[in-house]
Structures are given as C-alpha cells and as structure tokens.
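Reading through the structure tokens given below for one structure.
Residue numbers (this note's numbering): 1 to 159.
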C-alpha cells in the first residue's frame, strides 16, 4: 500500500519545483545497500577472502576489544542470528574466538592475533573499495549521503 505523496517545494531560484516522493523508501535503501555491499564484497573477497559484513565484524572486535555477543550485535545493529551467521566463519578461520565471560553463563568475542593480522591486511582491500566508491559517486555526493544517512538514522531511532 502506497501512502499519499507529500509535496516538497525545492527552491531553485525563480522557478520553484514541487517534488513528491515516488516508490518505496525501504526498497530503494535495500537496493542501494545490496549494490554497495556487492561492490565492497568484490574487493574484499578478491583481496582478502572476507565479506564486507565479516570485515565490519572483525574490525569492530579488533577496535572495541572483547565484547559480549549481545553487545556486539547491538553495536552493529545485527540480529542475534545475523551475528551468529557472520561470526561462525571468522571463528572457524581462527580470526575470532568465543571465550567464557565473567560468569558461567556469559561469553566474550575476542580477536586473535591471526584475526588482528588478517584485519590489517584486509584493510587495503576495504580502502580500495572505499576510494573507488568515492570516485564513482564523487566526494560531494558521498558527504551528502553520509549526512542524510546519519540524519535519517538519528530521526528514526529517536522515536
């Protein structure tokens, strides 16, 4: 079901233009996320044998230090099942470990030395993907995109 379009006036000098949102915002964001994800995956898989979500997860644990899985999932805005799915290959490769926590019921996700080293080498592939995307979109558009995404996240989460 489509909601009625809300007119937005865009000032363009002498001739103002009324823009109306078209299509589904969720669909457009998911499409963009898939395209961008494939772009990063192509660089990371070819250069480091790791997917973009796995690289993000590994990087977060390397930078933040040992974390409870629930805190890690929350920090990355992942569901517990998505965290488990992305964590498993990193544990199997010996880049992350799940160790006992402070009590018998808790666990901690910890980066291994091999994980720290792999993250450092994978950073070059991530950087190549980042620079290529910046070049394709142009730095001005990337800055605008980041601002829009940050603003939208803040506004949606504030409710």
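Ideal Cβ positions, reconstructed from N, Cα and C, are used throughout, including at glycine.
Checklist entry - When the Cα atoms are used, what is the spatial distance from residue 100 to residue 76? => result Numbered from its first residue, the chain shown carries residue 100 at position 100. Numbered from its first residue, the chain shown carries residue 76 at position 76. The straight-line gap from Cα to Cα measures roughly 21 Å.
Next on the checklist: Considering just the uninterrupted stretch of the alpha helix (DSSP H) at residue 144, what are its terminal residues?
Outcome noted: Taking the chain shown and counting its residues from 1, one reaches residue 144 at position 144. Where residue 144 is concerned, the enclosing alpha helix (DSSP H) stretches over 139 to 157.
Item to check | Option nearest residue 96 by Cα separation, candidates 141, 83, 131, 139 | outcome: On the chain shown, position 96 is the one that residue 96 refers to. The option with the nearest alpha carbon to residue 96 is 83.
Checklist entry - Within this structure, are the beta carbons of residue 125 and residue 47 separated by less than 8 Å? => result Residue 125 sits at position 125 when you count from the first residue of the chain shown. Residue 47 sits at position 47 when you count from the first residue of the chain shown. Cβ distance < 8 Å, so residue 125 and residue 47 count as in contact.
Item to check | Span separating the alpha-carbon of residue 17 from that of residue 158 | outcome: Here the question's residue 17 lines up with position 17 in the chain shown. Here the question's residue 158 lines up with position 158 in the chain shown. Cα to Cα, residue 17 sits roughly 30 Å from residue 158.
Checklist entry - What is the rounded straight-line gap between the Cα of residue 112 and the Cα of residue 49? => result Locating residue 112 in the chain shown gives position 112, counting from the first residue. Locating residue 49 in the chain shown gives position 49, counting from the first residue. Cα to Cα, the separation comes out at about 17 Å.
Checklist entry - residue 87 and residue 57 look like a contact to me (Cβ under 8 Å); what is the Cβ gap, rounded to whole Å? => result Start at 1 with the first residue of the chain shown, and residue 87 comes out as number 87. Start at 1 with the first residue of the chain shown, and residue 57 comes out as number 57. Correct: roughly 7 Å between the Cβ atoms.
Checklist entry - What residues in its chain sit with their C-beta under 7 Å from that of residue 91, if we drop five residues either side in the sequence? => result On the chain shown, position 91 is the one that residue 91 refers to. Once the five neighbours on either side are set aside, the close Cβ partners of residue 91 are 97, 98.
Checklist entry - If you draw a straight line from the C-alpha of residue 33 to the C-alpha of residue 108, how long is it? => result Position 33 of the chain shown, counted from the first residue, corresponds to residue 33. Position 108 of the chain shown, counted from the first residue, corresponds to residue 108. If you take the alpha carbons of residue 33 and residue 108, they lie about 29 Å apart.
Item to check | Beta-bridge pairing of residue 66 - partner residues as DSSP gives them | outcome: Sequence index remark: in the chain shown, residue 66 carries index 66 (1-based). DSSP lists no partner for residue 66.
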